[in-house]
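J.:
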Amino acid sequence: MQRSGRLLQLLQALREHRAAVTAASLADQFGVSERTIYRDMRTLLELGVPVEGEAGTGFILQPGYFLPSMTFSRDEADAVLLGLRFVQARGDDELANAAETALSKIAEGMGDTGEAKMRRNGLTVGPSNRDQREEMATIRRAIRARRKLQMAYRTKDFTSSTRTIWPVVIGFFDGAEMLAAWCEMRKAFRHFRMDRIEALTVLEDNIPRSAASLLAEYRRIEPGANV
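Here this note's numbering is used: position 193 in the sequence shown is 1547, and no number is missing along the way.
#1: Just verifying my parser: in three-state terms, what is the DSSP assignment at I1528?
#2: Span of the beta strand (DSSP E) holding T1555?
#3: Where does the unbroken beta strand (DSSP E) through Q1383 begin, and where does it stop?
#4: In whole angstroms, what separates the C-alpha of R1389 from that of A1367?
#5: Less than 8 Å between the CB atoms is what I'm expecting for F1543 and A1530, so what's the real figure, rounded?
#6: Give the secondary structure of R1500 by DSSP, where H, G and I count as helix, E and B as strand, and everything else as coil.
#7: Counting only the same chain and skipping the five closest in sequence on each side, list residues whose C-beta sits under 7 Å from that of R1500.
#8: Identify whether R1401 lies in helix, strand or coil by the three-state DSSP scheme.
#9: When DSSP builds the beta bridges, which residues end up paired with R1507?
#10: Name, in chain order, the residues that DSSP records as bridge partners for H1545.
#11: On the DSSP bridge list, what partners appear for P1577?
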């Protein structure tokens, strides 16, 4: 990793810790020596980053760095937290971790009082089937990379088949997560329940259409889809 990239990631790591974090812990996280961490900290200080700490004690970033004071109405704060809790409950592990990081960033900008009010909003999201999280992460990576997927799928009458699909979008519905995809076998868009996917493999083959055109066609066929 280039030093400039490491400095940015080091800043992010400091922002995610409310308490002081030691150079040893940061060195282990980034795979560098403690001497390198101390040198990077000096560089951040020279750049005006408000880092506090010393050898043996740990380092901490002063609250509010990067984000100005953020003001939400009570309803806006409820909406933000409910959305992030939904992602934590229904998304894959990578999305759940990203939601927690996003919440930390927002909370930092709101100050202690605003954060406390947001976290005590009395709203929650029920758990989902965590067994599907690995498949969800695989599908998201395929969508980003514009790759086809080979999928073993079980229908509601327990008939199994193997298909090559072009993943388009993942939808979250009451009681189920659905994958919308172009199915090469059916030569049409199809919806697949995530809990009926038996196996997934990301293929080397690229999807031969742009994401924009594929999504536009899906919207024309499914006008009620909020994507």
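Just so you know, even glycine gets a beta-carbon here, dropped at the ideal spot from N, CA and C.
Nothing here was measured: the structure is a model prediction, and the numbers come from that model.
T.: On the basis of the coordinates in this document:
#1: Looking at the sequence provided, one finds Asp at residue 1528 rather than Ile. Correct three-state label for D1528: coil.
#2: I1551 to N1560
#3: Segment A1377 to F1384 is the alpha helix (DSSP H) holding Q1383; no beta strand (DSSP E) there.
#4: 17 Å
#5: Contact doesn't hold; Cβ gap of about 18 Å is too wide.
#6: coil
#7: N1560, I1561 and A1565
#8: Checking the sequence, you will find Leu at residue 1401 rather than Arg. It is coil, neither helix nor strand.
#9: One point to set straight first is that residue 1507 is Tyr, not Arg, in the sequence displayed. Its beta-bridge partners are S1515 and I1551.
#10: A1534
#11: In the DSSP output, where bridge partners are listed per residue, P1577 has none listed.
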